[in-house]
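Numbering-wise (the working numbering), the sequence shown opens with residue 40 and increments by one.
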Amino acid sequence: MTDVDAVYSEARSWFEANWDPNRPLGEWWELLARSGWGFPSWPTRWFGKGLDGAAAKAAHRARADVGAFSAPAGIATMMVAPTLMELGTPAQQDAYLEGIATGRDVWCQLFSEPGAGSDLAGVQTKAVRDGDEWVVNGQKVWTSGGHYARYAILVARTDVDVPKHRGLSFFLLDMRQPGIDPRPLRQMTGDAEFNEVFLTDVRVPADHLVGEIGSGWNVALQILLHERSSLDADSDTGGGIMGDLDLAAPAGSFVGAAKQDDGMDAIAAASGDRAKQLLLECLDRAGRRDDPVARQRVVEVFSLIDIARYSGGRLAPSLGKLASTQLMRRVRDTALWLLGPGGTLSGADAPFDGLVTDMALMVPGLSIAGGTDEIQRNIVGERELGLPGEPRVDKDIAFKDVLQGTIR
């Protein structure tokens with residue numbers, strides 16, 4: 040028996056002994072966190088097992104095979120927690136990691152702005168020191184879950200007299216305080232997953248700074264690296280997306296539940312084994328199980344899913360993110376091709392309750408989320424292949440002297 044097989048066997052035994060669909064979701068997530076099986080790749084001192092990628096995937100597979108609901112997933116577990124483990128102070132780790140691991144605290148990300156999306160270093164939200172606090176003013180946009188998040192990670196400008204990349208700082212923000220006004224943005228799916236968030240004289244304690252003053256760009260890069268890794272085609276979420284969920288509800292009620300209101304279920308259905316199952320059901324609905332052309336198209340996608348699973352964690356994050364978004368587009372296109380006009384319907388009487396339609400509308404956004412495909416290609420070219428960088432005329436200019444950086 041290999042080490043991976045041993046991990047699978049041990050994990051499966053634990054899940055078989057402990058999974059109870061009638062247990063409240065909050066209690067189940069608490070139990071998962073304490074056991075280490077919820078986040079097997081995390082260090083043992085922080086609710087994990089310290090397993091490598093292959094062994095961690097075996098543990099996730101054991102959970103799925105038993106039919107247990109997954110540990111919480113989302114910005115908090117995929118991005119905030121790994122970054123706090125690497126760059127946070129011991130006090131920050133003690134204050135926040137437990138709430139993240141148990142799903143008690145939902146986080147959001149205050150990065151993009153109306154004038155700074157792909158160019159994250161161009162943010163204009165200001166943080167000004169006032170004694171033992173920072174006072175923050177500005178506007179953020181495309182904030183997932185900002186209307187119910189407990190905490191946020193925030194990139195703000197603390198110095199306009201240096202080039203834009205060197206004047207940023209990174210903060211942990213309490214979202215339940217005066218001066219924070221999240222406003223949901225209605226998407227073309229009809230959902231309102233994203234928000235614009237207005238910050239007016241919001242106060243942040245000085246010890247909520249992550250890293251040093253002016254090191255926010257490097258911290259943000261670390262966060263984005265984890266985000267791109269989390270978009271790996273074989274990332275395990277198991278449907279357990281952290282959100283405005285009822286922690287008192289039975290955990291079993293979330294297993295295989297109907298599509299979520301925020302549209303994220305459409306994204307989950309476009310990857311991994313869920314995508315395989317979806318395409319098989321599309322074949323059946325279309326009556327084309329024996330059609331060699333249809334079977335060939337589905338098998339091609341299955342092969343890409345398996346290749347992505349094998350490559351997961353082995354590719355540079357930007358390459359993995361590019362591969363993941365391309366694969367999800369193939370899943371979407373194949374599902375729509377099989378279903379025909381019915382694939383464009385929405386509502387309860389549509390195929391899969393409109394899941395494929397939501398997928399068609401949501402998947403294009405993945406080429407923007409976490410850094411556009413074009414930026415990922417630049418990163419691969421410049422950092423992985425050593426090609427000459429794009430011209431950057433504002434590289435050595437103080438932010439206050441850059442045309443877009445006219446804040447004072």
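The beta carbon of each residue, even a glycine, is placed where N, CA and C say it ideally should be.
Taking the Cβ atoms as the reference, residue 395 lies roughly 6 Å from residue 378, within the contact range of under 8 Å. Listed in chain order, the non-local C-beta contacts of residue 229 below 6 Å within the same chain number zero, local neighbours out to five positions each way being set aside. Judged by pairs of C-beta atoms under 8 Å, the segment 306 to 313 does not touch the segment 77 to 84, as fewer than three such pairs exist. The alpha carbon of residue 159 has as its nearest neighbour, out of 166, 107, 150, the alpha carbon of 150.
For residue 172, the enclosing beta strand (DSSP E) covers residues 172 to 183. Distance from the CA of residue 255 to the CA of residue 92, rounded to the nearest whole angstrom, comes to 28 Å. The shortest CA-to-CA distance from residue 116 to any of 325, 148, 335 is the one to 148. In this structure, residue 134 sits away from residue 86, with a CB-CB distance that is not shorter than 7 Å. With 16 or more neighbouring CB atoms inside 10 Å of its own CB, residue 118 falls in the buried class. In this structure, 249 is the residue among 224, 383, 407, 249 with its C-alpha nearest to the C-alpha of residue 209.
For the options 188, 245, 184, 189, the alpha carbon positioned closest to that of residue 232 is the one of 184.
Using a Cβ distance threshold of 7 Å, residue 113 and residue 286 do not count as a contacting pair. Pairing residue 110 with residue 46 gives a Cβ-Cβ distance that is not under 7 Å.
Here residue 349 is exposed: its Cβ has fewer than 16 other Cβ atoms, across all protein chains shown, within 10 Å. Taking C-beta separations shorter than 6 Å and ignoring five residues to either side along the sequence, the partners of residue 62 in its chain run 290, following chain order.
Cβ atoms of residue 319 and residue 374 stay farther apart than 8 Å, at about 11 Å. Boundaries of the alpha helix (DSSP H) harbouring residue 54: 42 to 57, taken from the DSSP string. When DSSP reads this structure, residue 208 sits in a beta bridge with 195. Residue 148 carries a strand assignment under DSSP once its states are collapsed to helix, strand and coil.
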